[in-house]
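Here's the structure, in structure tokens; my notes come after.
Chains as they are written, first to last, in the numbering used here: chain A, 78 to 550; chain B, 78 to 550.
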């Protein structure tokens, strides 16, 4: 059936370089097929050419160097949007524009943590998003330590009241990042739980897997009815230091300063498109988030993601015109609460989306592809698996996909692809000052671009070459 | 000859467990001996028992946890001395005391570096020791970048005058740390050179080999007649960021705040001894430096060194009484200019020292042994090589050894041993906030203790067992 289609298309005057594959997998001897359909040469060619990509590096190098940190809702994020519009326009994208929205903007101020007794010394700390502010001179309290969130929950209020809570449980490295859910609890739920029990503040072991004096920031939202308290993360070496000090058994007094402020502000999603030959066809949406945490320059979170997805779309644009419009979205203010993703859903959620996909898990190699197209389009999922396997990408489930900004839309039923990056080292850097350009391996970045380009080629409905400019005599 | 000696000694009532080996190497077939004398069983036994050592971990864990940073001349260093006296006394050392001396104490204040134009963003910076202080509000100047110290030296004064100098050359990793000399130039000489040319400040790429947002502090002393200027280090990712920004070709303006102060103060060397059977015999001196830089907790620099050397001396003490007194010295204020080493030399330089040795290059495995005993005692150097080879330690030169605090004494002609730690990763952590306990591998630490214990066993002149306490009926 693929051959028939290609033969038909070859007779047409405008020859699509990349035909949408409609595979017919041969049944495997043992029943369940353990192999995949053949990959059209045009898809393989555009995929392999992307292994020499420089667009993505140029984008992430430019964004992290010329803007740097770009926390959601700040003046720096506004500069990032202006940078993005200029860059995407210069790259030849169509319909480049910003869709703005309002949000409360939390801003970090002076921060310090110091053990006053029994062993005076400074610890490295960073506040979580939406932390309450301490007074400028900080607060002083006795530290009560817990080995896990469960231990904090189980503790009588009297053991916590008037104290500074410390939770120390440690997240392991995992390839798929699955530890982040459970082990992120002390950051996400810890502040609310501690506040309910009467704590005057909370510090937790950073939700990370490194051993550097760089705390991991991150968002948290106080539950309704809970009084916000100062809440932050100690770097992992500092958390282990505090554990050792507590183990000595003497009362530990901490001076904690976590100054911050909240004000009304605004952010926006940057949109850019590769127009499809059929403007009525459901679109392909790809992207990442433009904002970053304030401590690093947001290279792996998520400069890489916006760079990879735009680079892939640009490579399709260079190859010709796809049937479907490809929409690149660089979401705003993801870190502060998925504001950009929710705003996009409000504005565009009822438009036809053939597939959506987001890159927001670093810049290491993609190791697995998931998709969720629904049963009738499962063959497309297999065609995608086939196109990606030569990049060392494992065929994953055909009935799931995820993403941060696009999470609500996937839950709403949109078809989606998940190109999973190796997350083993991701939480060494995630939300820390160390999230900088030097952590990106250019070759791994190119493998990402090749995978995203191949995905777009498979799903774009066929790419038609641009008419060549006539030579003047 | 060894056998004769041991036989003789076995006839004595007090049997030395460890006889000083007087080796007779058999000539190698090809002329140069490529093998070493046999190792007395008593030396091998005491060495191998040290591979299960816990003294060193207990010391470095205690010092870094209960004191933390202990910059030379500060109140924290005074607490470290009190901690040391209590600990060494509790361990059973004799003659535990402090020998105090005066020094100027430089103290770090508020620090910040911010690019104002063309791409506003903050960079991570730390002042060098003896840096001049900026005003509290900092200074603002155009940045002039140089790829090496040579380029700065070659630049016309007019290119530097009134500007903030940036030197970016990068140090490679080496096992023996030999890059630190040449590549440390921008820190040691850079500030003086920049000041002579009229610069208002200088920032250099940290003298380090990591890629974390942690700057490497370090000492520097302005040349006589040179006006001190503010001088500091950018973390490596920030230095590379500044390089990328400068490469864009637009004028770069920096706001630099490096507040610091200097006041008179005092420090001291902590001394502890294992008394020898012969109080008139020249002594063995071993040690490291007790002070640390202020950014980390001084685990590898030099908590490990003081722990390793004291643990080895304690293991000898546990085994019995050596012929020679072993003196453990924990030097004060090394980082600020080898004050403790020079004071020790002034006070004790004319006493008889059979050998001196210092551990001050981290906590990784020892890979090479050097010694400098002079030609007549070369056989002792070979006996030492033989005793250490089973720990995976390469026999090094017999005519050289070095050390920081003990450097001036070695130059003055004292016999010395150098047990070289693997320095490949040392400059990832050196003088940074990341110099913390979690960076020490307990097994590598034990290999160090085993090597130092073996060295003391070889050179101690024989260890006599303690008389056993009589059992009461």
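Beta carbons: idealized from backbone N, C-alpha and C, even for Gly.
Contact under 8 Å by Cβ, residue i with residue j
i: residue 296 (chain B); j: residue 413 (chain B); result: yes
i: residue 202 (chain A); j: residue 188 (chain A); result: yes
i: residue 433 (chain B); j: residue 528 (chain B); result: no
i: residue 508 (chain B); j: residue 378 (chain B); result: yes
i: residue 445 (chain B); j: residue 497 (chain B); result: yes
i: residue 463 (chain A); j: residue 113 (chain A); result: yes
i: residue 221 (chain A); j: residue 243 (chain A); result: yes
i: residue 144 (chain B); j: residue 196 (chain A); result: yes
i: residue 333 (chain A); j: residue 147 (chain A); result: no
i: residue 168 (chain A); j: residue 516 (chain A); result: no
i: residue 510 (chain B); j: residue 290 (chain A); result: yes
i: residue 198 (chain A); j: residue 226 (chain A); result: no
i: residue 231 (chain A); j: residue 278 (chain A); result: no
i: residue 256 (chain A); j: residue 248 (chain A); result: yes
i: residue 447 (chain A); j: residue 485 (chain A); result: no
i: residue 237 (chain A); j: residue 534 (chain A); result: no
i: residue 166 (chain A); j: residue 389 (chain A); result: no
i: residue 441 (chain B); j: residue 387 (chain B); result: no
i: residue 281 (chain A); j: residue 310 (chain A); result: yes
i: residue 286 (chain B); j: residue 438 (chain B); result: no
Residue i, DSSP secondary structure in three states
i: residue 542 (chain B); result: coil
i: residue 346 (chain A); result: strand
i: residue 268 (chain B); result: helix
i: residue 462 (chain A); result: helix
i: residue 227 (chain B); result: helix
i: residue 204 (chain A); result: strand
i: residue 234 (chain A); result: helix
i: residue 520 (chain A); result: helix
i: residue 243 (chain B); result: strand
i: residue 476 (chain A); result: strand
i: residue 113 (chain B); result: coil
i: residue 282 (chain A); result: strand
i: residue 102 (chain B); result: Legend: pLDDT at residue 102 (chain B) = 49, less than 50; position of this residue unreliable, value from coordinates given subsequently. Note: residue 102 (chain B) maps to coil in three-state DSSP.
i: residue 470 (chain A); result: coil
i: residue 277 (chain A); result: coil
i: residue 488 (chain B); result: helix
i: residue 73 (chain B); result: For residue 73 (chain B) there is no data in the structure shown, the boundaries of chain B being 78 and 550.
i: residue 373 (chain B); result: coil
i: residue 483 (chain B); result: coil
i: residue 532 (chain B); result: helix
Neighbour-count burial assignment, residue i, 16 or more Cβ in a 10 Å radius
i: residue 543 (chain B); result: exposed
i: residue 235 (chain B); result: exposed
i: residue 172 (chain B); result: exposed
i: residue 155 (chain A); result: buried
i: residue 524 (chain B); result: buried
i: residue 384 (chain B); result: buried
i: residue 458 (chain B); result: buried
i: residue 371 (chain A); result: buried
i: residue 186 (chain A); result: exposed
i: residue 495 (chain B); result: buried
i: residue 500 (chain A); result: buried
i: residue 104 (chain B); result: With a pLDDT of 47 at residue 104 (chain B), under the threshold of 50, the predicted position of this residue should be treated as unreliable, though the coordinate-derived value follows. Per the 10 Å Cβ criterion, exposed.
i: residue 211 (chain A); result: buried
i: residue 214 (chain A); result: exposed
i: residue 357 (chain B); result: exposed
i: residue 340 (chain A); result: exposed
Short CB-CB distance (under 8 Å) between residue i and chain C
i: residue 322 (chain B); result: The structure shown has no chain C; the protein chains it does contain are A and B.
Is it a yes or a no for the stretch 476-487 of chain A touching the stretch 115-135 of chain A, going by three-plus beta-carbon pairs under 8 Å?
no
Could you pull out every unbroken alpha helix (DSSP H) segment of at least 4 residues lying fully inside the stretch 125-190 of chain A, listed in chain order?
Runs found: 132-143 and 152-167.
Threshold first: 3 residues or longer. Then list the beta strand (DSSP E) segments lying entirely within the stretch 384-463 of chain B, N to C.
Whole beta strand (DSSP E) segments, 3+ residues: 403-408, 430-435 and 443-449.
Please give me, in chain order, every unbroken run of the beta strand (DSSP E) with length at least 3 that falls completely inside the stretch 302-349 of chain B.
The stretch 302-349 of chain B contains these whole beta strand (DSSP E) runs: 308-311.
Please determine if the stretch 399-413 of chain A and the stretch 323-334 of chain A are in contact, where contact requires at least 3 C-beta pairs separated by less than 8 Å.
No: fewer than three Cβ pairs fall under 8 Å.
With three or more beta-carbon pairs closer than 8 Å as the criterion, would you say the stretch 350-362 of chain A touches the stretch 269-276 of chain A?
Pairwise C-beta distances place the stretch 350-362 of chain A out of contact with the stretch 269-276 of chain A, as fewer than three of them are shorter than 8 Å.
Pairing CB atoms from the stretch 303-315 of chain A with CB atoms from the stretch 304-313 of chain B, are three or more of them under 8 Å?
no
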